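In our numbering, the protein residues as written are 107 to 392.
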């Protein structure tokens, strides 16, 4: 091999190695700088200095855009801005959309990180709820409940939340048909749904409310709040029929579920008090 050719090849290899080392060094530096920006932003955010936090988070997103934590933090700032009393309605909607975009990016990059996935999905669902996007809110809640990261507490709590929303829908319809002369003396009097479409909405919401409350109880049979709402659902059934036998049956079921809720609440309170007493006793021994 001629010396000139050998030198040319050696020089090319040296350049390649130099580029690789240089790129690797830059990547490492970007990681260090990006994480520093992120940490400074978190510090400012915790101090209530959201504008300064935003500057650091945006800077971090340029250095380490592949890190879901960065987008989670950006989402938190945008969401906080959307709740500001100084923001106009237009600004609030835009801030909410920016938060949605940031949380969506965090979710896309979260991989198997359950903490980031659950946090992102939870906020996405909440923002859709606040924007009045009922279907999107419910869909994201279900993604949270049925995702691989969902614990039993998350599943039960999410199904319960969906059930309560459907109860609200049914309650709103039955309240529209309440007899003002009977509301105080007979709160569960028969509603005359003279407009069939309203009755259809009522029936659909009530059926779905039962479905999701039952799902919550199938995950956690001792969910006091779910039993309480199941009682309220039977009250809605009681309002919807004039058949006395059915009204009595629904009344009895409502009272049974209400008693279960009261007993479970008392049990949980007693347990919490016992644990607090044990903790206090252990502290005294030290």
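All C-beta atoms in this analysis are idealised placements derived from N, C-alpha and C, irrespective of residue type, glycine included. Please read these numbers as outputs of a predicted model, since none were measured by experiment.
Please name the residue, chosen from 264, 236, 213 and 182, that lies closest to residue 331 on a Cα-to-Cα basis. Each of 264, 236, 213 and 182 was checked against the Cα of residue 331, and the nearest Cα belongs to 264.
Applying the criterion that 16 or more other CB atoms from any shown protein chain within 10 Å of the CB defines a buried residue, is residue 175 buried or exposed? buried
Beta-carbon contacts of residue 142 that lie in its chain and below 6 angstroms, excluding the five residues immediately before and after: none
Alpha-carbon to alpha-carbon, residue 256 and residue 159: 30 angstroms
Which stretch, first to last residue, makes up the alpha helix (DSSP H) that contains residue 349? Note, residue 349: premise wrong, no alpha helix (DSSP H); not H, not E.
Relative to the C-alpha of residue 148, which candidate in 183, 134 and 173 has its C-alpha closest? 183
DSSP three-state assignment for residue 115, whether helix, strand or coil: Caution applies to residue 115, whose pLDDT of 33 falls short of 50 and renders its modelled position unreliable; the value that the coordinates give is listed next. Looking at residue 115 - three-state DSSP - the assignment turns out to be helix.
Tell me whether residue 140 is buried or exposed, calling it buried when 16 or more other Cβ atoms sit within 10 Å of its Cβ. buried
May I have the straight-line CA-CA distance separating residue 295 from residue 270, to the nearest angstrom? 22 angstroms
Cα-Cα, which of 157, 361, 351 and 386 is closest to residue 340? Comparing Cα-Cα distances from residue 340 to each of 157, 361, 351 and 386, the minimum goes to 361.
Are the segment 361-371 and the segment 311-324 touching, with three or more C-beta to C-beta distances below 8 angstroms? no
Apart from the five residues on each side of it in sequence, which residues of its chain come closer than 8 angstroms, Cβ to Cβ, to residue 356? Taken in chain order, the residues that qualify are 340, 341, 343, 344 and 347.
By the 10 Å Cβ neighbour count, where 16 or more other Cβ atoms means buried, how is residue 279 classified, buried or exposed? Counting Cβ neighbours within 10 Å, residue 279 comes out buried, since at least 16 surround it.
So what's residue 370 in DSSP terms, helix, strand or just coil? helix
So residue 212 and residue 178 are supposed to be a Cβ contact under 8 angstroms. How far apart are they, rounded? Right, the Cβ-Cβ distance comes to about 4 angstroms (below 8 angstroms), so this counts as a contact.
Three-state secondary structure (DSSP) at residue 302? helix
Taking buried to mean at least 16 other C-beta atoms within 10 Å of its own C-beta, is residue 227 buried or exposed? It is buried - the Cβ of residue 227 has at least 16 other Cβ atoms within 10 Å.
According to DSSP, simplified to helix, strand and coil, what is residue 143? helix
Local conformation of residue 153 per DSSP, three classes: coil
May I have the straight-line CA-CA distance separating residue 127 from residue 136, to the nearest angstrom? Confidence is the limiting factor: at residue 127 the pLDDT is only 36, short of 50, which leaves the residue's position unreliable, though a coordinate-based value still follows. Using only the alpha carbons, I get a separation of about 14 angstroms.
Please report the straight-line C-alpha distance between residue 166 and residue 236, rounded to a whole angstrom. 28 angstroms
Backbone CA spacing between residue 245 and residue 283 [nearest angstrom]: 30 angstroms
Tell me the residue span of the alpha helix (DSSP H) that contains residue 220. In the DSSP annotation of this structure, the continuous segment of the alpha helix (DSSP H) that includes residue 220 starts and ends at 220-236.
Alpha carbon to alpha carbon, how far is residue 162 from residue 317? Give it in angstroms, no decimals. 46 angstroms
Which value, in whole angstroms, describes the spacing of the CA atoms of residue 337 and residue 363? 5 angstroms
At which residues does the alpha helix (DSSP H) containing residue 258 begin and terminate? Residues 258-282.
Mind checking which residues open and close the alpha helix (DSSP H) that includes residue 203? 195-216
Would you mind working out which of 373, 190 and 240 sits nearest residue 275, comparing C-alpha positions? Across the set 373, 190 and 240, the C-alpha of 240 shows the shortest separation from the C-alpha of residue 275.
Can the beta-carbon of residue 395 be found less than 8 angstroms from the beta-carbon of residue 156? Given that the chain is displayed from residue 107 to residue 392, the structure contains no residue 395 and the question cannot be resolved.
Where residue 266 and residue 352 are concerned, what is the direct C-alpha to C-alpha distance, given to the nearest angstrom? 26 angstroms
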